[in-house]
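Below is one structure, written out as structure tokens; comments come after it.
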Amino acid sequence: MKPLGSSVPLRLAFAVSFAFSFSLSTSSLHLPISLSKPKSRANSFSSLFSSSPSSSQSFASDLLSLLATPSDRKPNIPSDEVQQLFSRLKFLVPFTPDKSSYSRRVILEDSRRGGDEKEAGNEMVWWPPEPVMELARLAVDSGGDPAAIQRALDPTVLPVPDVDRINEDKCQLTRTPYGRRFASEEINSFFASLFELIVTRGPTVGLNLSLCRYDLFHGHMFVATDTGRLGILFHAREYPAYDKEDFPCPLGYCQSGSNVTYDESMNLRNILWLAPLPSNVTEAWLAPGVLVVLDAHPDGIIYQRLVPDYLDVVRTIYEGDFGQVVADVNYLNIENIASSKKIFIC
Ligand SMILES: *[C@@H]1O[C@H](CO)[C@@H](O)[C@H](O)[C@H]1NC(C)=O
Ligand SMILES: *[C@@H]1O[C@H](CO)[C@@H](O)[C@H](O)[C@H]1NC(C)=O
Ligand SMILES: *[C@@H]1O[C@H](CO)[C@@H](O)[C@H](O)[C@H]1NC(C)=O
1 MKPLGSSVPL
11 RLAFAVSFAF
21 SFSLSTSSLH
31 LPISLSKPKS
41 RANSFSSLFS
51 SSPSSSQSFA
61 SDLLSLLATP
71 SDRKPNIPSD
81 EVQQLFSRLK
91 FLVPFTPDKS
101 SYSRRVILED
111 SRRGGDEKEA
121 GNEMVWWPPE
131 PVMELARLAV
141 DSGGDPAAIQ
151 RALDPTVLPV
161 PDVDRINEDK
171 CQLTRTPYGR
181 RFASEEINSF
191 FASLFELIVT
201 RGPTVGLNLS
211 LCRYDLFHGH
221 MFVATDTGRL
231 GILFHAREYP
241 AYDKEDFPCP
251 LGYCQSGSNV
261 TYDESMNLRN
271 ILWLAPLPSN
281 VTEAWLAPGV
291 LVVLDAHPDG
301 IIYQRLVPDY
311 LDVVRTIYEG
321 DFGQVVADVN
331 YLNIENIASS
341 KKIFIC
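Below, the structure is given as structure tokens:
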């Protein structure tokens, strides 16, 4: 599988052309959310084509560094930024940045079996099953090489199934019409559980999601620029329904029949998973896993620093700001099959 840089223009080009045609006609539109942005923001679009880190990239890197800093240490980023950031992080699993919790891992193995569902969900994110831990370490040991992760995929090519009537609507939902899975069943099953956990925990932060073609069905896997940490940026609320007043944006075949409404929940559509962070020197683990909703409400720092101007209507944060993109992870909600079989890596 080749590095998926080539996928970027496709999705972005679409969003860009839509944002442009959109801004031409804004005078006639009524939008619930202001289109104007603070002037100080750098234009992230141009930065996609230059090699020096853009302001959104360095902010993303600050965010990742914050999410790897033990609670007894001061993060290496400006302190006003720390506060503003924390006020916009809605954790789906409690944030426990202390590696000491690693020693609890063995003890908690029991509770995982014992059936305390809440604790098991937390534990799954903090300290995933061994094959996922190995993948996380591989990402770092390879120096953040996407190809190292791609090599963990089974070579079998699987056609993307017709789910939620996508074929009837001529909707190509995934980046490619075929996908693959990780060779390790446990890894596929873990990623499926992550999707499911986001949906069960979402309501605790005001985010009601469905695992369907219009809403949560994909995330973008990346290896972080500075550390090689493995992560996924999920994009929920992908195809809001066209609405003359609130969302006058045609998004093509995949939008057809959408039951997602364009509302406040759009602010919460970017969800970040980070694998536990291994040391690149010893066998130790420096930080447990993280699952957090990035609140991109327009009055906050995440919107101001991370949402590119041309995607502000749909609040999309660009996965490439976090690191190198590995692949898209899709959860295609086919009925009556094991969760792990719903995963398609494209
Ligand atoms: C989410 O769904 C629940 C149950 O259907 C409902 O009570 C709640 O108001 C919804 N929350 C939002 C933010 O839509
Ligand atoms: C280990 O990681 C740190 C930052 O996470 C980096 O500065 C350092 O260069 C890395 N060392 C090696 C040997 O890769
Ligand atoms: C939207 O439709 C999907 C199936 O297409 C369904 O699973 C989901 O529950 C629906 N969501 C709402 C909010 O009605």
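Under this note's numbering, think of the first position of the sequence shown as 1, with each following residue one higher.
Virtual Cβ for every residue (Gly too), placed ideally from N, Cα, C.
Note that this is a predicted model, so its numbers are computed, not measured.
Could you tell me the distance, in whole angstroms, from the CA atom of residue i to the CA atom of residue j?
i	j	result
Y331	S54	31 Å
G144	S193	24 Å
Y310	V205	27 Å
T156	A68	35 Å
V93	V292	7 Å
N280	V132	17 Å
A183	A120	24 Å
C249	R305	24 Å
M221	L153	13 Å
I301	R229	23 Å
Q172	V125	31 Å
K118	S52	42 Å
I271	D169	27 Å
Please state whether DSSP places residue i in a helix, a strand or coil.
i	result
G206	coil
G228	coil
G219	strand
L92	coil
L291	strand
L311	helix
E335	coil
S340	helix
Between which two residues does the alpha helix (DSSP H) carrying residue i extend?
i	result
Y372	Outside the shown range of the chain (1 to 346) lies residue 372, about which nothing can therefore be said.
I301	301-306
L85	79-86
L64	55-66
The beta strand (DSSP E) with residue i in it runs from where to where?
i	result
A287	285-287
N270	270-274
I343	343-345
Using DSSP bridges, identify the partner residues of residue i.
i	result
L277	A287
H235	N270
Notebook entry, point to check: Where in the region 123-199 do unbroken runs of the beta strand (DSSP E), each at least 3 residues long, occur, reported from the N-terminal end onward?
Noted result: none
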